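Okay, structure first, notes after.
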Amino acid sequence: MEIFKENNGNELVVSIKGRLDTNAATGFGADMEASLVEGISNLVLDMSECDYVASSGLRVILGAQKKMNSLNGTMVVRNVAESVMEVFEMVGFADILTFE
């Protein structure tokens, strides 16, 4: 998995390429924790090139949402593949996260 980040002032765009599996989730979680700091009020998670999300990846995404809530910010998940969206719906994230 590859992670690409673009910081636009108070907005952070994080793009995921590949599989967000158990091995990748650990590094992704650490990267997100280090990136979501005071001053970031909008997180955009672009999943256009992510074709798989494991439960550990779901935990990292949920953790990012909680962190943005604590920063009084927003998080949007964009361009989710149909197969990945099915996972989000199955675990109830469709009701928790904002999708575009």
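In this text, residue positions in the sequence shown follow the numbering used here: the first is 3, and each later residue adds one.
Glycine residues also receive a C-beta, built at the ideal position from the N, C-alpha and C atoms.
Here the structure is a predicted model, which is why all the values come from computation and not from measurement.
CB-CB length for I42 against L64, believed under 8 Å: About 17 Å separates the CB atoms of I42 and L64; that is not less than 8 Å, and the two are not in contact.
Near G31, which residues of its chain fall below 7 Å by C-beta distance, leaving aside the five closest residues on each side in sequence? Cβ neighbours of G31 beyond the five flanking positions: V62 and G65.
Just to confirm the assignment, what range does the alpha helix (DSSP H) spanning V62 have? Segment S57 to S72, the alpha helix (DSSP H) holding V62.
N10, enclosing beta strand (DSSP E) - first and last residue: First-last of the beta strand (DSSP E) with N10: E4 to N10.
Taking only three categories from DSSP, how would you classify S17? Annotated three-state conformation of S17 is strand, per DSSP.
Residue burial classification, G11 (beta-carbon count within 10 angstroms, cutoff 16): Exposed, by the Cβ-count rule.
Residue environment, M92, which counts as buried when at least 16 other CB atoms sit within 10 Å: Per the 10 Å Cβ criterion, exposed.
CB-CB under 6 Å to S17, same chain, minus the five flanking residues each way: which ones, in chain order? Excluding positions up to five away in sequence, the list reads F6 and D48.
Sort G20, M34, N25 and R21 by Cα distance to M70 and report the nearest one. Out of G20, M34, N25 and R21, the CA that lies nearest to the CA of M70 is found in M34.
Would N71 count as contacting chain C if we go by Cβ distances under 7 Å? Annotation note: the requested chain C is absent from the structure, which comprises a single protein chain.
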